[in-house]
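Worksheet for the structure shown next.
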Amino acid sequence: MKKISFMGWKNCVELQSGKFRIVVTTEVGPRIIGAFVGKGENMMCVVPAMAGKTGGKEWKIYGGHRLWHAPEAKPRSYAPDNTAIDVKETKDGILFTGGVEKSTGIYKSFAVKPLGCNKFRIRHTIRNENPWEIDIAAWALTVMDAGGVAVIPVPQGDMNALLPNRYLTVWPYTNMADGRLTFGEKYILLRQQKGHKWPCKIGLNCEGGWMAYANKGCALIKRFTHLTDAEYPDNGCSIESYTCEFMLEVETLSPLYTLAPGQEIVHDEEWEGRDGIGALDTEKDAAKYFKI
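Residue numbers (the numbering used here): 1 to 292.
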């Protein structure tokens, strides 16, 4: 790793795996604020008004990748991450942590480990530091830059099953006829379009254990383990995707757990950075670059 300045933040940590590199802030967070493949542009959204900012008592949408806890609730989910974090090397990689959230009693951290072949493992940890049990799931949200397309694999399951085995969750503000959405046999595409002010969000039980975002010739693929018999938040979602006028989020979730004091959830994502990605206008295009 090496220390760099990035978008106004000092002492950021840059890590590399092949031609895929990521940048993590240390003055706020923990957040991964940059993701690059080769000479490509930053695939992540950095909100211009928030770039380089620190401090304050309110939660700020800086952009990039963060760790939250689900189900979403205010003010619990919106604990601010506006102060400096700790960084150290461990057996799991470089560990980034802001410690225990004062407003929730929940410890959050992630460890980044280069795996080679343009891949990283991001190991997210949530621990209950309260003197009581809590019901919670780990929620890894990655805010991607404008103009791209999320690729979401449709669960296939047993095609001869008598009971439903595919669960699509639709948020209240989502228009099912939204032109940014394409529902296919094996893939759902969700496009980010600038100037489209109304948000859109869907989620599902992603038994394939991956989702991707492609933009400007590059893509970030996030892989994880989906546990078929586990209970997930938001009516069974192990992945969710949200878009608004300036960004798109690709999100994975752990199952819901009841954590006793001192117990923790570990939620791993494997990230792969790819280039050479062409236009994704149809399901056929998605199948060309991303295999179920």
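Idealized CB from N, CA, C, for every residue including glycine.
If you draw a straight line from the C-alpha of residue i to the C-alpha of residue j, how long is it?
{"i": "N13", "j": "D92", "result": "Checking the sequence shown, residue 13 turns out to be Val, not Asn. Going by the C-alpha atoms only, they are around 16 Å apart."}
{"i": "F183", "j": "P172", "result": "18 Å"}
{"i": "Q16", "j": "I122", "result": "13 Å"}
{"i": "D158", "j": "C237", "result": "19 Å"}
{"i": "A35", "j": "G273", "result": "8 Å"}
{"i": "T258", "j": "A279", "result": "43 Å"}
{"i": "I136", "j": "T169", "result": "19 Å"}
{"i": "T243", "j": "L162", "result": "34 Å"}
{"i": "D178", "j": "M144", "result": "20 Å"}
{"i": "N118", "j": "K3", "result": "20 Å"}
{"i": "V24", "j": "R180", "result": "30 Å"}
{"i": "P48", "j": "R21", "result": "21 Å"}
Ordered along the chain, which non-local residues of its own chain (more than five positions away) have a Cβ less than 6 Å from that of residue i?
{"i": "Q263", "result": "N128"}
{"i": "A138", "result": "H124, I126, S254, I265, H267"}
{"i": "T26", "result": "N11, I85, V87"}
{"i": "K39", "result": "none"}
{"i": "A214", "result": "G148, V149, I277, L280"}
Just to confirm, is the Cβ distance from residue i to residue j under 8 Å?
{"i": "V154", "j": "Y187", "result": "yes"}
{"i": "K296", "j": "E41", "result": "For the chain, the structure presents residues 1 to 292; residue 296 sits outside this window and is missing."}
{"i": "H65", "j": "I32", "result": "yes"}
{"i": "G99", "j": "P30", "result": "no"}
{"i": "T225", "j": "G209", "result": "yes"}
{"i": "C45", "j": "F290", "result": "no"}
{"i": "N82", "j": "G55", "result": "yes"}
{"i": "P71", "j": "D229", "result": "no"}
{"i": "V206", "j": "I277", "result": "Residue 206 is actually Cys in this sequence, not Val. In this structure, I277 does not lie closer than 8 Å to C206 by Cβ."}
{"i": "L319", "j": "M7", "result": "Outside the shown range of the chain (1 to 292) lies residue 319, about which nothing can therefore be said."}
{"i": "N130", "j": "P261", "result": "yes"}
{"i": "E185", "j": "E283", "result": "yes"}
{"i": "L141", "j": "W68", "result": "yes"}
{"i": "F96", "j": "W271", "result": "no"}
Please name the residue or residues paired with residue i in a DSSP beta bridge.
{"i": "W59", "result": "Its beta-bridge partners do not exist; DSSP assigns none."}
{"i": "S241", "result": "I202, V250"}
{"i": "C218", "result": "N215, D275"}
{"i": "T258", "result": "D135"}
{"i": "W171", "result": "In DSSP, W171 forms no bridge with anything."}
{"i": "A293", "result": "A query on residue 293 cannot be resolved here, the shown segment of the chain reaching from 1 to 292 and no further."}
So, for residue i: in the same chain, excluding its five sequence neighbours on each side, which residues have a beta-carbon less than 8 Å away from its beta-carbon?
{"i": "S241", "result": "A150, I152, L190, K201, I202, G203, M211, L248, E249, V250, E251"}
Within 8 Å (strictly less), CB to CB, does residue i reach chain C?
{"i": "D234", "result": "Any reference to chain C falls outside this structure, which holds one protein chain only."}
Given residue i, which residues of its chain have a CB within under 7 Å of its CB, disregarding the five upstream and five downstream residues?
{"i": "D58", "result": "Just to set this straight, residue 58 is Glu in the shown sequence, not Asp. Once the five neighbours on either side are set aside, the close Cβ partners of E58 are P80."}
{"i": "I94", "result": "M1, V13, L15, V87, A111, V112"}
{"i": "G18", "result": "G116, C117, N118"}
{"i": "Q192", "result": "A146, G147, G148, T243, M247, L248"}
{"i": "Y167", "result": "L204, N205, N235, G236"}
>> When you compare the region 248-262 with the region 84-101, are there three or more beta-carbon pairs, one atom per stretch, that lie closer than 8 Å?
In response: The answer is no - the region 84-101 does not touch the region 248-262, with fewer than three Cβ pairs under 8 Å.
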